[in-house]
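Q: Shown below is the structure under consideration.
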């Protein structure tokens, strides 16, 4: 995974920006649930001049992959494989 992201949180919202453009691509809002936190909502940049979104399924995988690999330091091997498969459909 190309790890050129700036990821930061403000309150219960996680922001994922491309490091070289500064564009905010993903925004994930969390809510307290069952003694922890769960995703309440996620938003993907829709301006095609800033980001070319592919499919809801791919964007969900990418958000989870970045949170697990870049923030939590997990290998997330199964998500990497799934993201490559889904990206392959757009090549």
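In this note's numbering, the protein residues as written are 1334 to 1424. Using N, Cα and C, we set each Cβ at its ideal position, and we do this for glycine too. Predicted model only: the values in this text are computed from it and were never measured.
Considering only the beta carbon of each residue, do residue 1350 and residue 1344 sit closer than 7 Å?
A: Here the question's residue 1350 lines up with position 17 in the chain shown. Here the question's residue 1344 lines up with position 11 in the chain shown. No; because the gap between Cβ atoms is not below 7 Å, this pair is not in contact.
Q: Pull up the distance between the alpha-carbon of residue 1347 and that of residue 1382, whole angstroms please.
A: Locating residue 1347 in the chain shown gives position 14, where the first residue counts as 1. Locating residue 1382 in the chain shown gives position 49, where the first residue counts as 1. The alpha-carbon atoms of residue 1347 and residue 1382 are separated by roughly 22 Å.
Q: Let me know the secondary structure DSSP gives residue 1354 once reduced to three states.
A: Numbered from its first residue, the chain shown carries residue 1354 at position 21. Coil, per DSSP.
Q: Going by DSSP, name the residue or residues bridged to residue 1338.
A: The residue labelled residue 1338 in the question sits at position 5 within the chain shown. In DSSP, residue 1338 forms a bridge with 1351.
Q: Which term fits residue 1405, buried or exposed, when burial requires 16 or more other beta carbons within 10 angstroms of its beta carbon?
A: In the chain shown, residue 1405 corresponds to position 72, counting from 1. Looking at its Cβ environment, which holds fewer than 16 other Cβ atoms inside 10 Å, residue 1405 is exposed.
Q: Tell me which residue opens and which closes the beta strand (DSSP E) that residue 1369 is part of.
A: Along the chain shown, read from residue 1 onward, the residue named residue 1369 stands at position 36. Taken as a continuous stretch (DSSP letters only), the beta strand (DSSP E) holding residue 1369 covers 1369 to 1377.
Q: Which residues bound the alpha helix (DSSP H) around residue 1414?
A: Residue numbering aside, residue 1414 sits at position 81 when the chain shown is read from its first letter. Counting along the chain, the alpha helix (DSSP H) containing residue 1414 begins and ends at 1410 to 1421.
Q: Checking the sheet assignment: what are the DSSP bridge partners for residue 1394?
A: In the chain shown, counting from the first residue as 1, residue 1394 sits at position 61. Per DSSP, none; premise fails for residue 1394.
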